[in-house]
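Undergrad:
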Amino acid sequence: MGAGNPLLTKLARLRAALRTDRVLSGAQLERHFDLSPSQLQPLKDFTQFSATLQPVYRSVRSRTVVPFVTLEASMERRLSAEQVGHLAGTAEIRLQLAAAPQDWQSGAAALGRSNKPDAVYLLGEHRVAIEYDAGSYRARVIEQKLEQFSRDYAGLVWGVTSGVRARRLQDRLGAHGVQVLHLNWWSDQG
Numbered sequence: 119m120g121a122g123n124p125l126l127t128k129l130a131r132l133r134a135a136l137r138t139d140r141v142l143s144g145a146q147l148e149r150h151f152d153l154s155p156s157q158l159q160p161l162k163d164f165t166q167f168s169a170t171l172q173p174v175y176r177s178v179r180s181r182t183v184v185p186f187v188t189l190e191a192s193m194e195r196r197l198s199a200e201q202v203g204h205l206a207g208t209a210e211i212r213l214q215l216a217a218a219p220q221d222w223q224s225g226a227a228a229l230g231r232s233n234k235p236d237a238v239y240l241l242g243e244h245r246v247a248i249e250y251d252a253g254s255y256r257a258r259v260i261e262q263k264l265e266q267f268s269r270d271y272a273g274l275v276w277g278v279t280s281g282v283r284a285r286r287l288q289d290r291l292g293a294h295g296v297q298v299l300h301l302n303w304w305s306d307q308g
């Protein structure tokens, strides 16, 4: 699988990631795979598109146009910008945890399911719930998710896009063994 060619090795890693994560931002492509969108231009299996979104809930300053890459040619038409961002945010959690694609089950495109995590990390015999939060969850929803996931999973990782929210959630959920990650998947400031 491209053992002698570094570019082929990177592309193979990217394809494996996209089969699991479904979409990655241009910033993730560069940060985690050392590839630029222009390197993918001539390759027919990659689809690139841009979406305008607000990665940090209620932060107009975070509103931005984000480039994405996927293996799914119709993704831009089938999913909302919010769903695409949710997928990319959940992918960032996997990438920060260095979880192998084969150890990850993502359902992040189905927003609003309070009783199911956005992804499940298979860590040996243990299942770890993964939750991506752009900042819209109220305290009651956070408590419900914590209670539900604590019963059904060996652990919980909560990824958030705001540094302030990450600190607050760490103070609140850390005592319950929850790992809180601050995520920036949309820009090169990650």
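If you read the sequence shown in the working numbering, its first letter stands for residue 119, the second for the next number, and so on. Don't be surprised by glycine CBs; every beta carbon is placed ideally from N, CA and C.
(1) Out of 306, 128, 122 and 139, point me to the one whose CA is closest to residue 220's CA.
(2) For the beta strand (DSSP E) containing residue 245, list its first residue and its last residue.
(3) Quick check: the stretch 159-167 against the stretch 246-253, are there 3 or more CB pairs under 8 angstroms?
(4) For the stretch 138-185, which segments carrying the beta strand (DSSP E) assignment without a break, of at least 3 residues, lie completely within its bounds, in sequence order?
(5) Which class does residue 305 belong to by DSSP, given the choice of helix, strand or coil?
(6) Would you kindly work out how many angstroms separate the C-alpha atoms of residue 171 and residue 284, rounded to a whole number?
(7) Are the stretch 182-199 and the stretch 281-295 touching by the rule of at least three beta carbon pairs closer than 8 angstroms?
(8) Which class does residue 237 belong to by DSSP, given the choice of helix, strand or coil?
(9) Considering only residues of the same chain and omitting the five flanking positions on each side of residue 174, which have a CB-CB separation below 7 angstroms?
(10) Contact between the stretch 233-248 and the stretch 146-164 is defined here as three or more beta-carbon pairs at a separation below 8 angstroms; is this criterion met?
TA: Looking at the atomic coordinates:
(1) By one-based count along the sequence shown, residue 220 stands at place 102. With distances taken between Cα atoms, residue 220 lies closest to 139.
(2) Here residue 245 is taken as the residue at index 127 of the sequence shown, counted from 1. Note, residue 245: beta strand (DSSP E), 244-251.
(3) Contact between the stretch 159-167 and the stretch 246-253 is absent, because fewer than three Cβ pairs lie under 8 angstroms.
(4) 141-143 and 165-171
(5) In the sequence shown, residue 305 corresponds to position 187, counting from 1. Three-state result, residue 305: coil.
(6) Here residue 171 corresponds to residue number 53 of the sequence shown, with the count starting at 1. Here residue 284 corresponds to residue number 166 of the sequence shown, with the count starting at 1. Residue 171 and residue 284 have their C-alpha atoms some 20 angstroms from each other.
(7) For the pair of segments examined, the stretch 182-199 was found not to touch the stretch 281-295: the number of CB pairs separated by less than 8 angstroms stays below three.
(8) On the sequence shown, residue 237 is found 119 positions in, with the first residue counted as 1. The answer is strand: DSSP assigns residue 237 an E or B state.
(9) Numbered from 1 along the sequence shown, position 56 holds the residue referred to as residue 174. The residues are 180, 252, 253, 279 and 280.
(10) no
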